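In what follows, a structure is listed as structure tokens, so that the remarks can point back to it.
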Amino acid sequence: MAVAPKNKTKKRTRLAEMGPEIEIRNEEPVVDKTLAKNPYTESSIQWYLEEINKIPLLTREEEDRLARGAIAGDAKSKERLITANLRFVVQVAKKYQKFGISLLDLINEGNLGLIKAAERFDPDMGYHFISYAVWWIRQAIILAINQKAAMIRLPMNRTIDVARIDSIQKELENELGEEPTLTQIADRLDMPEAEVRWLKQISSDYVSLDMPANADSENTQISQVRDDKYISPEDQVMQGALHDSLHQILNELTASEREIIEHRYGLNGKKTLSLTQAGKKFNLSKERVRQIEKLTLLKLQKYGKQRHLEDFLDKED
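Per this note's numbering, the sequence shown starts with residue 4, numbered consecutively.
Structure representation (structure tokens):
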């Protein structure tokens, strides 16, 4: 997994030791003693980001070759596959910064998920490695949030609900041009307004260790460096890989199943609809839409592909 960098002025030659070191094992992470006094410094994370961004992305052919080498037990292939994808862990980790864990710790946990993905990935599945690895990265981060975050401890499904509320709030802000009301958020989620209020209050009680002590500080946090509308090359690769995988999945469905799933998950340019909204569109009851969706996901599970819908995408319940 990744541990904190020792000294940003010390140059190391091994690819796996650029930035946080990669330890391919399933033990608990050991944070570098040099940073133990101040392990969450922005400068350390900034240096790490600069280092991993120097590692070139893999072509599909390189990815396939390294994945097969990793399966065969070649440690160098496995390490190369992992290090070439470290930047994607950062992209995922940034989305979970509001839950009381520092960005550095989120990256560390996400790297553990990346390692597990490298140990389990089968290139014959037909997916890009990163579209498979995102699930493992997210699961590792969410598990860490539940184990280590905040004094208020939430069940895992509630942690996910908080993240979804935040996502829907941003979506509505873009649609409406202003901050949405609790009622609007609750309606979009098909969730009681009181429940949304409670979850938002809990999330606001979390204090990120990455947040500057002075709210008026001019020190810009890493997550704020880029404009929200900016799509990084890393995000483009992740989206492209996921898009390819989803098209393969959707080809297994009937036309009606595909249309419902596209609207429930916002695929192929379709607007994401809640169960209630989908019911109105297709002239079905909310419960009937839920049943069709469940049966469709079970059908996809037959092909071993359900995760790529449920765990990579945010849908409206």
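A virtual CB, placed ideally from N, CA and C, is assigned to each residue, including glycine. Predicted, not measured: the structure shown is a model, and the values here were computed from it.
- Counting only the Cα atoms, Y51 lies some 14 Å from L109.
- Straight across, the Cα-Cα distance linking K98 with N149 is about 15 Å.
- In the structure shown, N114 adopts helical secondary structure according to DSSP, grouped into three states.
- Counting the other CB atoms within 10 Å of its CB gives K81 a total of 16 or more, which places it among the buried residues.
- Counting along the chain, the unbroken alpha helix (DSSP H) around S259 starts and ends at A258 to Y268.
- 8 Å or more divides the Cβ of E54 from the Cβ of F132.
- Using a Cβ-Cβ distance cut-off of 8 Å, the stretch 117-128 and the stretch 179-194 are not in contact, since fewer than three pairs of beta carbons, one from each stretch, lie closer than that value.
- Counting C-beta pairs with one atom in each stretch, the stretch 102-122 and the stretch 72-91 have three or more that are closer than 8 Å, which means they touch.
- Distance between R63 and L300, taken at the CA atoms: about 28 Å.
- Across the set R291, L192 and Q49, the C-alpha of L192 shows the shortest separation from the C-alpha of S277.
- Note that the C-beta distance between I144 and G103 is not below 8 Å.
- When I168, Q280, G180 and E174 are compared, the shortest CA-CA separation from Q204 is found for I168.
- The beta-carbon separation of E174 and E182, rounded to 12 Å, does not stay under the 8 Å limit for a contact.
- Looking at the backbone, the Cα of E178 and that of A73 are separated by about 45 Å.
- When the Cα atoms are used, L253 and R293 turn out to be separated by approximately 18 Å.
- Counting only residues of its own chain and dropping the five nearest sequence neighbours on each side, K273 has a CB closer than 7 Å to the CB of E265 and H266.
- Taking a C-beta distance under 8 Å as the contact criterion, A96 and L89 do not qualify as a contact pair.
- If you draw a straight line from the Cα of R141 to the Cα of I163, it comes to about 10 Å.
- If you draw a straight line from the Cα of L287 to the Cα of V137, it comes to about 33 Å.
- Shown here, T186 sits in a helix according to DSSP, grouped into three states.
- The continuous stretches of alpha helix (DSSP H) do not include F124, and DSSP gives it neither H nor E.
- For A258, the number of other beta carbons within 10 angstroms of its own is below 16, and it is reported as exposed.
- When rounded, the separation of the alpha-carbon atoms in L298 and L202 is 30 Å.
- A check of alpha carbon separations from A147 across R200, L115 and T279 identifies L115 as the nearest.
- For A73, the uninterrupted alpha helix (DSSP H) run begins and ends at R63 to I74, by DSSP.
- Around the Cβ of Q49, a 10 Å sphere holds fewer than 16 other Cβ atoms; the residue is exposed.
- In this structure, I58 lies near A87, with their beta-carbon atoms less than 8 Å apart.
- Put simply, of I295, D77, V92 and K289 the residue whose alpha carbon is nearest the alpha carbon of N56 is V92.
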